[in-house]
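Structure first, then comments.
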Amino acid sequence: GAGVSQTPSNKVTEKGKYVELRCDPISGHTALYWYRQSLGQGPEFLIYFQGTGAADDSGLPNDRFFAVRPEGSVSTLKIQRTERGDSAVYLCASSILYTDTQYFGPGTRLTVL
Amino acid sequence: AQSVAQPEDQVNVAEGNPLTVKCTYSVSGNPYLFWYVQYPNRGLQFLLKYITGDNLVKGSYGFEAEFNKSQTSFHLKKPSALVSDSALYFCAVSPDQTGANNLFFGTGTRLTVIP
Chain A
450 GAGVSQTPSN
460 KVTEKGKYVE
470 LRCDPISGHT
480 ALYWYRQSLG
490 QGPEFLIYFQ
500 GTGAADDSGL
510 PNDRFFAVRP
520 EGSVSTLKIQ
530 RTERGDSAVY
540 LCASSILYTD
550 TQYFGPGTRL
560 TVL
Chain B
1196 AQSVAQPEDQ
1206 VNVAEGNPLT
1216 VKCTYSVSGN
1226 PYLFWYVQYP
1236 NRGLQFLLKY
1246 ITGDNLVKGS
1256 YGFEAEFNKS
1266 QTSFHLKKPS
1276 ALVSDSALYF
1286 CAVSPDQTGA
1296 NNLFFGTGTR
1306 LTVIP
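Chains A and B supply the protein sequences, listed in that same order. Numbering of the first sequence is given in our numbering, commencing with residue 450 and proceeding in unit increments. Numbering of the second sequence is given in our numbering, commencing with residue 1196 and proceeding in unit increments.
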C-alpha cells in the first residue's frame, strides 16, 4: 500500500520567507510525527499529533515553527521568517496508534539561502 | 534525560562476513528500542524493535539485535553481510514506558560492505 508521502521533495527559499511543508500519512494511521534531520545528524523530534491535536510539541525550536492537522490526516508544518539555520531535511512519520512502529516518509529538503 | 550513542561513525565489513553496528542508550525506566536504515535519497526504513520479551529480536532483511539491559546496549547484527546492506543505520529509543511516541535517535553509523 501507499506509504507516507511528503511534498515538496525539495524547497529552496530566501531568508525571512514563509514556508509550508506537507505530510500525507498512511491511511488509517492516527498518530503523526515531525522530525528534523540536519546534515550528519540523526533525526530530532519536533511535534507529535494524536488525531487532530498536538499531543507533544516540546521539540519545536521556537515560535516560528507551527504545525496543524485539522482533519486528523494530512499535516502541514509551517515555518515563519525562515533562517539559514532552518536548512535541513524535514521528516514526517505516522503510526497506527502512538504505541506502534513509526513509518517515515522520504522527507522534504529545505534550503534557506 | 534520554540519549542514544552510536560510537562508530563508520563500519566496514567484507561481504559474507558477520557485521555488528553498536548502540548504547540512556533512558529512565524501561526503553523501547528501534533500528532504522536510511538509503541515499530515501526515507528511514524500519528494521526491528524491542519492546519486551525475548532479548534477541529478529527483523527485516536478516538483521537481528540483542537487548542487553545490564550494558544498556542494543547492537545490530547480521550473520553474513551483503553489498546491498551498505547504508546509514540509526538506533533510536523511546523513553515513554506507555508507548512509542517521540523517538530519540543516535547520530548514525555508515555501514560499507566491501565486495
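Even for Gly, the Cβ is constructed at its ideal location relative to N, Cα and C. Remember, predicted model here, so these are calculated numbers, not experimental data.
Straight through space, the alpha carbons of G1254/B and Y484/A are spaced by roughly 24 angstroms. Taking C-beta separations shorter than 7 angstroms and ignoring five residues to either side along the sequence, the partners of S1281/B in its chain run L1306, T1307 and V1308, following chain order. Beta-bridge pairing by DSSP links T1215/B to K1272/B. Here the alpha carbons of D535/A and L562/A stand approximately 10 angstroms from one another. At least one CB of chain A lies nearer than 8 angstroms to the CB of G1301/B.
For L1242/B, the nearest beta carbon of chain A is not closer than 8 angstroms to its own beta carbon.
Only residues of its own chain outside the window of five on either side were considered, and among them L470, W483, R485, L526, G556, T557 and L559 have a CB closer than 7 angstroms to the CB of Y539/A, listed in chain order. Beta-bridge partners of A480/A (DSSP): Q499/A and S544/A. Of all alpha-carbon atoms in P1213/B, N1297/B and Q1197/B, the one lying nearest the alpha-carbon of E1259/B is that of P1213/B.
Taking 7 angstroms as the cut-off between beta carbons, the residues of the segment 523-542 of chain A near chain B are L540, in sequence order. With fewer than 16 other Cβ atoms from the protein chains shown falling within 10 Å of its own Cβ, T1247/B counts as exposed.
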